[in-house]
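Enquirer:
Residue numbers (my numbering): 205 to 521.
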């Protein structure tokens, strides 16, 4: 296996620093690619996070994989990139310094924008070696995602992998043009996209769900280190075929009463939006029965803001 002209032999551990650009201070910016290879041939799994620099919970999940030595495979190879967008991580922002969302510029260009160049080298140098990938994300702004796996519909192999990961929720979600997941799919990599928590935050429960789900996938591939044990999930994942955002009809102070992951009945009181002077209070009721998979935890909202993400259609068993 050769990445960025560095060879990694079977049984070898190596950290390769991807240096594509410098900060405007001319300081080198290194993106560590942590490779662990078994002496026994097998599949290659890629674990990535920090595609959006402010989604720290995903970074914590991959960091824990390394700290706990889950990334040392029994067979095959595990590649960890805890932070893809180091620029964003340093500045605690979602985007690259050029203002672009890295997850919308794939497959990128060798001579394009800064974000586009990173996308290009990631696909050129790393992805050709990869069979399976799990990319870890979190909700944007103040929106907290329930731990969930997102997969493209009508893909039985991904459906099987998602059932093995067994997150509390599994959403069918079409690949988006320009996304990392879409490019990986076109290159034959079977990717699970994990969402959980919110930006600029680390949630212990979400972290553990991400770690345990990954261990179950590695065990299924016979890659999990013999010193580690995969724990079965408490219950089977709920599969959501369709969902929608409930948006604020008014601006004001937001008081949410509906916990993440809960099931609500149509017409159930979910939240209130009030003025700060104690005169007006608007009630928000569930437009349909469904599971709440994202909650806006902001104390103040504007009209049109996304407040809750609710399932509208579950997979028929």
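By construction, the Cβ of each residue, glycine as well, lies at the ideal position given by its N, Cα and C atoms.
Smallest Cα separation from residue 281: which of 292, 213 and 339?
Expert: Translated into the one-based positions of the chain shown, residue 281 becomes position 77. Comparing Cα positions, the closest option is 213.
Enquirer: My understanding is that residue 427 touches residue 277, with C-beta atoms under 8 Å, so please give their C-beta distance in whole angstroms.
Expert: Reading the chain shown from its first residue, position 223 is the one you call residue 427. Reading the chain shown from its first residue, position 73 is the one you call residue 277. The Cβ separation is near 4 Å, so the contact holds.
Enquirer: Which whole-angstrom value is the C-beta distance of residue 222 and residue 251, which I expect to be below 8 Å?
Expert: Mapped onto the chain shown, residue 222 falls at position 18. Mapped onto the chain shown, residue 251 falls at position 47. No, residue 222 and residue 251 are not in contact; Cβ-Cβ is about 16 Å, not under 8 Å.
Enquirer: Counting only the same chain and skipping the five closest in sequence on each side, list residues whose C-beta sits under 6 Å from that of residue 325.
Expert: Indexing the chain shown from 1 puts residue 325 at position 121. 224, listed in sequence order.
Enquirer: Excluding the 5 residues flanking residue 419 on each side, which residues of the same chain have their C-beta closer than 7 Å to its C-beta?
Expert: Counting from one through the chain shown, the residue named residue 419 turns up at place 215. These residues qualify, in order along the chain: 274, 428, 432 and 434.
Enquirer: For residue 408 versus residue 342, is the C-beta distance shorter than 8 Å?
Expert: Counting from 1 along the chain shown, the entry for residue 408 is found at position 204. Counting from 1 along the chain shown, the entry for residue 342 is found at position 138. Not closer than 8 Å, so no.
Enquirer: Just to check my reading of the structure: residue 512 and residue 444 have Cβ atoms closer than 8 Å, yes? What is that Cβ distance to the nearest angstrom?
Expert: For the purposes of this step, residue 512 is taken as the residue at position 308 of the chain shown. For the purposes of this step, residue 444 is taken as the residue at position 240 of the chain shown. With 8 Å as the limit, residue 512 and residue 444 do not qualify as a contact, their Cβ atoms being about 14 Å apart.
Enquirer: For residue 328, which of helix, strand or coil comes out of DSSP?
Expert: As a first step, residue 328 is located in the chain shown; it is residue number 124 there, counting from the start. Residue 328: helix per DSSP, three-state reduction.
Enquirer: In whole angstroms, what separates the C-alpha of residue 192 from that of residue 484?
Expert: The shown model of the chain, from 205 to 521, leaves out residue 192, and the question about it has no answer.
Enquirer: Using 10 angstroms around the beta-carbon of residue 352, count the other beta-carbons present and answer buried if the total reaches 16, otherwise exposed.
Expert: Position 148 of the chain shown, counting from 1, holds the residue named residue 352. So residue 352 ends up on the buried side.
Enquirer: Do residue 365 and residue 402 have their C-beta atoms within less than 8 Å of each other?
Expert: Counting from one through the chain shown, the residue named residue 365 turns up at place 161. Counting from one through the chain shown, the residue named residue 402 turns up at place 198. No. Outside cutoff.
Enquirer: Would you kindly work out how many angstroms separate the C-alpha atoms of residue 495 and residue 357, rounded to a whole number?
Expert: Counting from 1 along the chain shown, the entry for residue 495 is found at position 291. Counting from 1 along the chain shown, the entry for residue 357 is found at position 153. C-alpha separation (whole angstroms): 19 Å.
Enquirer: Ignore the nearest five residues each way along the sequence and tell me which others in residue 506's own chain have a CB closer than 6 Å to its CB.
Expert: Taking the first residue of the chain shown as position 1, residue 506 is located at position 302. If we look at residue 506 and ignore the five residues flanking it on each side, its Cβ neighbours are 455.
Enquirer: So what's residue 205 in DSSP terms, helix, strand or just coil?
Expert: As a first step, residue 205 must be located in the chain shown, where it is residue number 1. Coil at residue 205, not helix or strand.
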